[in-house]
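Chemist:
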Amino acid sequence: MKKLFFLLSALLVGATVSAQTHYQTTSNPETLIPVGINSQPRKEIILPEVNGYTPYKVDLHIHTTPASGDAKMAVDARVKEAWRDGLDVIAITDHMGVKILPETGSATPDNVKAKKGARCYKSVQVAEKAAPNWGMLVIPGIEITGSAKTIGHYNALFVTNNKELYDYDPMQCIRNARKQGALIMHNHPGWRRKDLVMIEFEKKAYDEKLIDGVELMNGVSFYPAILDRAKDHKLFVTATTDIHGTSAELYGYNNHLRNMTLVFAKELSLDAMREGLKERRTLAYSFGTLAGDEQLLSDFFKAAVKTKKLVENKKKKTQTVQLTNTTSLPFVFKTNGNPIQLPPLSSIVVTVRSGKPVTCTVLSMWYGVEKHPVVKLTY
607 MKKLFFLLSA LLVGATVSAQ THYQTTSNPE TLIPVGINSQ PRKEIILPEV NGYTPYKVDL
667 HIHTTPASGD AKMAVDARVK EAWRDGLDVI AITDHMGVKI LPETGSATPD NVKAKKGARC
727 YKSVQVAEKA APNWGMLVIP GIEITGSAKT IGHYNALFVT NNKELYDYDP MQCIRNARKQ
787 GALIMHNHPG WRRKDLVMIE FEKKAYDEKL IDGVELMNGV SFYPAILDRA KDHKLFVTAT
847 TDIHGTSAEL YGYNNHLRNM TLVFAKELSL DAMREGLKER RTLAYSFGTL AGDEQLLSDF
907 FKAAVKTKKL VENKKKKTQT VQLTNTTSLP FVFKTNGNPI QLPPLSSIVV TVRSGKPVTC
967 TVLSMWYGVE KHPVVKLTY
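FYI, the numbering used here numbers position 97 of the sequence shown as 703, with every residue one higher than the one before it.
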């Protein structure tokens, strides 16, 4: 009798474990499916409020198929992908190219105007429809493209009607976007170039005050010298994926957060995003590096890293301090010796002179070419 009792108990335990880890299909009760296989969890990126503003995770350069012929993911899938990657806001910026025919020297024919604008407009509409299902915000946009060596690429953000932007002259395309109230971002300024010296087209666009922001980081590329240009021309800075494939290919498989622009705003809305960009409250993040305005970087680091006073050695006049990274971003800094790594959501211990702040030169933050903020943490 006891043997039978123990056998039944073992079977019940096994059934309970099975029920906790799998569920039966309705079509075949003898088929079990792992629990959570279709839950599609979101990667939450933890960041601090800074000066009363919330940092929203934004990608301002995204391509879809079929609107961008070389992209590999449909519009609604792009929205879901961004949500799973931890973002809050995306801009759909499919290509609207201006091509010159080499045989005649003339621009693309008239029938392209409606076709190009319509397909880019459609991708924005599809994204806007899908976004509420994931709590995402979509910024309507388009990428105005030409030869990298003579024209460059520019994202028009917050456009109201992509169908009305096209013109044979790419400069006029940009002007048309500005007439709609769009913000213009200069994309990947070093792409297919030998240096960052402005070409004639760029000089003209900058001189006309048509440019509002610039990509500091695009994919794996980082252009430190653009920080000085952004400061001189009063531009917001961004880090974007310019994604054509999948985010997993470049970021997820290697356990990296995807490129993102931190826009510091009061709320998650188009008006708030626009205001944050216009006021240049942005930081660019890519592969462990955060870049932008020196003061904003310093304020972010102070909000991110918390201090705790531990043991004081009165004989040596030293103080041991615990530093805790409360964010999902890694930091690299120096206090008085070799660089120190402070991984996401972790703590380290440092020793400083008693009564002195922990002075950190944050090497993973940039506000200019080889310029890193020096931040003093009190305890």
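We treat Cβ as the ideally placed atom computed from N, Cα and C, and that holds for glycine. No experiment lies behind these values; they were computed from the predicted model shown.
Tell me the DSSP secondary structure of Gly858 in three-state form.
Modeler: It is helical.
Chemist: If you run the structure through DSSP and keep just helix, strand and coil, what is Pro776?
Modeler: Helix, per DSSP.
Chemist: Tell me the DSSP bridge mates of Pro661?
Modeler: For Pro661, which the question treats as bridged, DSSP gives the partners Phe870.
Chemist: Using a Cβ-Cβ cutoff of less than 7 Å, which residues in the same chain neighbour Gly796 once the five nearest sequence positions on both sides are dropped?
Modeler: Excluding sequence neighbours, Gly796 sits near Leu802, Ser827, Tyr829.
Chemist: If we count the other Cβ atoms within 10 Å of its Cβ and call it buried at 16 or more, is Ala733 buried or exposed?
Modeler: That one is buried.
Chemist: Quick one: what's Gly819 bridged to in DSSP?
Modeler: DSSP, once it has assigned bridges, lists Met791, Phe842 as partnering Gly819.
Chemist: Since Phe939 is in the beta strand (DSSP E), which residue starts that stretch and which ends it?
Modeler: Here the beta strand (DSSP E) through Phe939 covers 937-940.
Chemist: For Val765, which of Met777, Glu749, Lys755, Thr756 has the nearest alpha-carbon?
Modeler: Here the closest residue by C-alpha is Glu749.
Chemist: List the whole-angstrom C-beta distance separating Leu969 from Val938, where the pair is believed to meet the contact cut-off of C-beta under 8 Å.
Modeler: 5 Å between Cβ atoms; contact.
Chemist: Report the option in Thr670, Pro654, Thr671 whose CA atom is closest to the CA atom of Lys663.
Modeler: It is Pro654.
Chemist: Terminal residues of the continuous beta strand (DSSP E) containing Tyr891?
Modeler: Start and end: 888-892.
Chemist: Does the beta-carbon of Asp877 have 16 or more other beta-carbons within 10 angstroms, so that it is buried, or is it exposed?
Modeler: Its Cβ having fewer than 16 others within 10 Å, Asp877 is exposed.
Chemist: Among Ile849, Glu918, Asp775, Asn861, which has the Cα closest to the Cα of Val955?
Modeler: The candidate whose alpha carbon is nearest that of Val955 is Glu918.
Chemist: Roughly how many angstroms lie between the CA atoms of Ser960 and Lys920, to the nearest whole one?
Modeler: Spanning the two alpha carbons is a distance of roughly 8 Å.
Chemist: Among Arg880, Thr924, Tyr772, Val964, whose alpha-carbon lies nearest the alpha-carbon of Lys912?
Modeler: Ranking Arg880, Thr924, Tyr772, Val964 by Cα distance to Lys912 puts Val964 first.
Chemist: In its own chain, which residues sit with a C-beta less than 7 Å from the C-beta of Arg648, not counting the 5 before and 5 after it?
Modeler: Within the same chain, Arg648 has close Cβ partners Trp689, Arg690, Gly692.
Chemist: Tell me whether Arg798 is buried or exposed, calling it buried when 16 or more other Cβ atoms sit within 10 Å of its Cβ.
Modeler: The residue in question, Arg798, is exposed, as its Cβ has fewer than 16 Cβ neighbours within 10 Å.
Chemist: If we count the other Cβ atoms within 10 Å of its Cβ and call it buried at 16 or more, is Ser729 buried or exposed?
Modeler: It is buried - the Cβ of Ser729 has at least 16 other Cβ atoms within 10 Å.
Chemist: Given a threshold of 16 other Cβ atoms within 10 Å of its Cβ, counted over all protein chains shown, does Ser633 qualify as buried or as exposed?
Modeler: Per the 10 Å Cβ criterion, exposed.
Chemist: With a threshold of 6 Å on Cβ separation, who are the neighbours of Pro936 within its own chain once the five nearest residues in sequence on each side are excluded?
Modeler: Excluding positions up to five away in sequence, the list reads Gly894, Pro949, Pro950.
Chemist: If we count Cβ pairs, one from each stretch, closer than 8 Å, do we get three or more for the stretch 808-817 versus the stretch 769-786?
Modeler: Contact holds: three or more Cβ-Cβ distances are below 8 Å.
Chemist: Report all residues from its chain with a CB closer than 6 Å to the CB of His794; omit the five preceding and five following residues, and keep chain order.
Modeler: The residues are Glu821, Asn824.
Chemist: Just the Cα atoms here: how many angstroms apart are Val843 and Leu916?
Modeler: Computed Cα separation, rounded: 39 Å.
Chemist: Consult DSSP for Arg798 and reduce its assignment to one of helix, strand or coil.
Modeler: Coil at Arg798, not helix or strand.
Chemist: Taking the Cβ atom as the reference point for each residue, do Arg864 and Thr847 lie within a distance shorter than 8 Å?
Modeler: Contact: yes.
Chemist: Can you say whether His628 is buried or exposed, counting buried as having 16 or more other CB atoms within 10 angstroms of its CB?
Modeler: His628 is exposed by the Cβ-count criterion.
Chemist: Take Pro746 and list the residues in its own chain whose beta-carbon comes closer than 6 Å to its own, dropping the five residues that flank it on each side.
Modeler: Val730, Val765.
Chemist: Could you pull out every unbroken alpha helix (DSSP H) segment of at least 4 residues lying fully inside the stretch 729-789, listed in chain order?
Modeler: Here the runs fully enclosed are 776-785.
Chemist: Cutting at 6 Å between CB atoms, please list the residues of its own chain near Tyr985, excluding the five before and the five after it.
Modeler: Excluding residues within five positions, the ones whose Cβ falls inside 6 Å are Thr913, Lys915, Val927.
Chemist: Please state the DSSP three-state secondary structure of Met804.
Modeler: Met804: coil per DSSP, three-state reduction.
Chemist: Let's see if you can read the secondary structure: which residues bound the alpha helix (DSSP H) around Ser904?
Modeler: That run of the alpha helix (DSSP H) goes 900-910.
Chemist: Under the DSSP definition of a beta bridge, which residues are partnered with Ser827?
Modeler: For Ser827, which the question treats as bridged, DSSP gives the partners Asn824.
Chemist: Taking the straight line between their C-alpha atoms, what separation do you get for Ile696 and Gln947?
Modeler: Rounded to the nearest angstrom, the two C-alpha atoms are 30 Å apart.
Chemist: Where Glu806 and Asn768 are concerned, what is the direct C-alpha to C-alpha distance, given to the nearest angstrom?
Modeler: Straight-line Cα distance between these residues: approximately 26 Å.
Chemist: So, with DSSP's three-state summary, where would you put Gly711?
Modeler: Low confidence applies here, because Gly711 scores a pLDDT of 40, under 50, leaving its location unreliable; read the following figure in that light. Gly711: coil per DSSP, three-state reduction.
Chemist: Would Val980 be called buried (16 or more neighbouring beta carbons within 10 Å of its own) or exposed?
Modeler: So Val980 ends up on the exposed side.
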